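Presented below is the structure to which this report refers.
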Amino acid sequence: MYREALREAIDEEMARNDLVFIIGEGIAERGGSYKVTEGLLDKYGSLRVRDTPIAEAGMIGVGVGAAIAGARPIVEILYVDFAMLGMDMIVNQAAKFRLMTGGDGRVPFVMRTQGGTGGGVAAQHSQSLEALFYHIPGLKVVMPSTPADAKGLLKYAMRQDDPVMFLEHKHLYMTKGMVPDGEHIIEFGKGDIKRSGTDVTLIAWSNMIPRSLEAAAELAEQGISVEVIDPRTLVPLDREMILQSVSKTKRAVIVQEANRRGGIASDIASIIQEEAFWDLDAPVEIVAGLDIPVPFNLTLEAASVPQKPDIVAAVKRCIHQDNYSAAAE
Amino acid sequence: MAEAILVPQVGQDLTEATVVELHVKVGDKVAKGDLVAVVESEKASFEVEAFAEGFVINLPYSVGDVATVLEPLMHLGAEGETVAPTASASASEPATSSVVDVQSSVSELKTNSKKSSMAVDGPLRASPAARKRVFEAGQMLSQFRGSGPLGAIVLRDVEAQLSTVAAQTAGAQSVPGLKNLKSGHGDPIIFIHGFGSDLSSWRPTVGQLGLENPMYALDLPGHGSCWDLKAKSFDELVDYVAQTISPLGGSLHLVGHSLGAAVAVALSERGSIDIRSMSLLSPAGMGAGINAQFIDGFLGAKSEAALKTWMQSLVRDPDDMAPVLVRATLKARSEADLVGSQQELARGLFENGTQLFSIVNGLRRFNGAASVVIGTDDAIVQSSDVIARTPPHAALYKLSGIGHLPQIECPSLVNTIVARTVKSAS
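First to last, the sequence lines map onto chains A and B. Just so we're aligned, residue 2 is where the first sequence starts under the numbering used here, counting upward by one. Just so we're aligned, residue 300 is where the second sequence starts under the numbering used here, counting upward by one.
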């Protein structure tokens, strides 16, 4: 399971390096709201696995400061929405420190948190805020979609000297998948082809990967071959994999759960049109959340973010299938 | 009888011309010499005149339409007369054949000819990938029909159309020096033009034969696009043609006019090519005499009026020599030194009215199907020689009241003869 894979990564890295410690709300005694850190307190003691008060600004500040001082902290923030309280430490301190010390300083700081919709937990607990971090030079942004990726990427993150925003998804903690034992490490900037195809390239991340794979399976039954690409890390972004796939399929659909405006999908679309313009047979499609606060009502919440039929429809627009259908009538 | 005014050849080897002005409409009476239309290609524009008096009884084009060169632009006839639809009508809608099943992985999706109704007015729309593919294939975007949003040409349209073309020409290889005038299947038919002409003279014939065979034509050295290839003797001409068509391999049918007919027979003597049939129109080399005055006058003519006089001697009825052909010849001469090359060639072929080559023995030895077509009023070669020396196994068609250009003077009859000759040997 995704959460077990994360725990395995933290456990292995804590065993490997005494400088690694983890702090967060309810992560020690209760094992974390999502049970990622269960059992770690017993194993590593209260010095390295620490509960904190509900004070995100303080937690993030502690984490950034400890990282600058040479430790390797993991700060777990219960909801990415709450990370806003620590934005100054992240944006103005962690992201800039290495550059502003002439390259001498290091901030090996990992913020683990989770976002996304899916529980009817309303507008302040459901956001997908990766674009905020993506926008800030100096931050790495990681969004694993599978248990194996979660472990490999977290282990790699914990060995970096620069701040990493490790963004999990509240819907993925219970997903299952094979996870390699031991030294399973996934470098940043290496995307993964989650499904190979020839007609359309579908780019998605985090919880949009399982949804895109479902759409691809449905489309396959209709004879449409979709390639699903998971960049896994948004910063750095595996542009090469995206461009190679698009030059093969000539069509791209980007799916993001976050609302459309100012999103990462728009940035990837601009990269595609700039680098692969002459390979495109259709405009790049973006399937994204609506530009509204996520509604509390479960039906409205579902309507506010991409669902399988939205993805299927976008792929069909891309291959101009509507024109066929209309013409055949 | 309805007579066609042809779309002029508006430049070397161009197949299409845009109708930019029309000065008549169906039912109008025109006098000989009236300006009826102006057509334009990327190279030049041509005024088209009526060659005879009559009424416009058929005018399939509007201003802005693209017309096929040397196909009828309009028909003249008696008042109230109608013209039977000909195969050339299909030439105005070539794009429809391009609508085929899509060769994409979206196999169950089919294109539909109705989709052209999706098109909207405006600039030609095409996806970047489609544009790139068209460019790589060396084609023009305007040749493709779009099935995408707002009628845009998308990749599948290009791929489908290109694969159709590829399939059609699969049996017809691309050979340097040979122009593929029509794709098809079966043994290829090669057309060889006469002295002073070029391969484009066969375009009207090709579409009217009703044969499925792939059809090729070539320009003889000193003619058309090969104007700068010097040939100084008949043998050099034959060498060139033998070399040019050899990549085709297999069996061939030859159709030659005048000098081209002589080259065809000489090729059969080489024995290196399996020639199934020969259709020889007004063949040269069947006797000693040739109209030297014509050769000199034709090559020496500088003005349209002078050239017209000489070219009219090719046909019995001067009206059969469409002014557009005279102008096209003049135009071609202005673009390349055809005259110089042809004068040089003429010196190697003819000497004071004597033909320096003979195909009489060659034709006698040819054991494939052969047809000889000769007009009794041929002013260039002596019809009596041709008639006397055509061997018994060749079919001889004596056409009374016809001059040196039977394919222009009585095209349907000549087309029937050629088609029959090819079929008899298939």
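For each residue, glycine too, the CB sits at the ideal point set by N, CA and C. As the structure is a computational prediction, the values presented were derived from the model and not from experiment.
Residues bridged to residue i (per DSSP)
i: B/S657; result: Answer by DSSP bridge pairing: none, since B/S657 is not bridged.
i: B/K697; result: B/I673
i: A/R196; result: A/V229
i: B/E650; result: B/T653
i: B/A366; result: B/A316
i: A/M112; result: A/V76, A/M166
i: B/M514; result: B/K481, B/I488
is_contact[residue i, chain A] using C-beta, thresh 8 Å
i: B/S446; result: yes
i: B/A565; result: no
i: B/P427; result: yes
i: B/L423; result: no
i: B/V453; result: yes
i: B/K431; result: yes
i: B/A394; result: Low per-residue confidence applies at B/A394: pLDDT is 35, beneath 50, and the placement is therefore not dependable, though the value from the model is reported in the following sentence. Judged by the 8 Å Cβ criterion, B/A394 is not in contact with chain A.
i: B/V398; result: Confidence at B/V398 is low in this model, with a pLDDT of 33, below 50, so its placement is unreliable and the value that follows should be read with caution. False, the Cβ-Cβ gap to chain A never drops below 8 Å.
Assigned secondary structure, residue i (DSSP; H/G/I helix, E/B strand, else coil)
i: B/P371; result: strand
i: A/Y35; result: coil
i: B/K481; result: strand
i: A/P74; result: strand
i: B/V717; result: helix
i: A/V313; result: helix
i: A/M2; result: coil
i: B/Y539; result: helix
i: B/G476; result: coil
i: A/I243; result: helix
i: B/L606; result: helix
i: A/I186; result: coil
i: B/K601; result: coil
i: B/S683; result: helix
i: A/T300; result: helix
i: B/A301; result: coil
i: A/K152; result: helix
i: A/T234; result: strand
i: A/V180; result: coil
i: B/G588; result: strand
i: A/K251; result: coil
From the options, residue whose alpha carbon lies closest to that of residue i
i: B/V680; options: B/Q654, B/G661, B/P691; result: B/Q654
i: A/A259; options: A/H126, A/Q245, A/A72; result: A/H126
i: A/I255; options: A/E276, A/H172, A/E228, A/A10; result: A/E228
i: B/V474; options: B/S462, B/T463, B/P487; result: B/P487
i: B/A669; options: B/V659, B/D677, B/T675; result: B/V659
i: B/R663; options: B/G584, B/T608, B/A591; result: B/G584
i: A/K44; options: A/S34, A/E14, A/P181, A/S267; result: A/E14
i: B/G437; options: B/V457, B/L449, B/V453; result: B/V457
i: A/T176; options: A/I137, A/S305, A/R212; result: A/R212
i: A/I24; options: A/L238, A/G59, A/F98; result: A/G59
i: A/G139; options: A/G87, A/V165, A/P145, A/L238; result: A/V165
i: B/N666; options: B/V614, B/G652, B/P617, B/M577; result: B/M577
i: A/V21; options: A/G46, A/Y3, A/E5, A/E39; result: A/G46
For residue j and residue i, believed in contact at Cβ under 8 Å, the rounded distance
i: B/R569; j: B/A541; result: 6 Å
i: B/I489; j: B/L375; result: Wrong, their Cβ atoms sit about 34 Å apart, outside the cutoff.
i: A/F297; j: A/A123; result: 4 Å
i: B/G700; j: B/T675; result: 7 Å
i: A/G190; j: A/T234; result: 6 Å
i: A/V37; j: A/I61; result: Between A/I61 and A/V37 the Cβ distance is about 18 Å, and since that is not below 8 Å, they are no contact.
C-beta neighbour in chain B for residue i, strict 8 Å
i: A/A218; result: no
i: A/L244; result: no
i: A/L281; result: yes
i: A/H136; result: no
i: A/K251; result: yes
i: A/H185; result: no
i: A/F189; result: no
i: A/G167; result: Checking the displayed sequence, the identity of residue 167 of chain A turns out to be Phe instead of Gly. No, no contact with chain B.
i: A/H321; result: yes
i: A/F297; result: no
i: A/F110; result: no
i: A/F83; result: no
i: A/F22; result: no
i: A/F98; result: no
Residue i: CB within 7 Å of a non-hydrogen atom of the ligand SAH
i: A/D282; result: Summarising the ligand content, the structure contains no ligands, and the ligand SAH is consequently not present.
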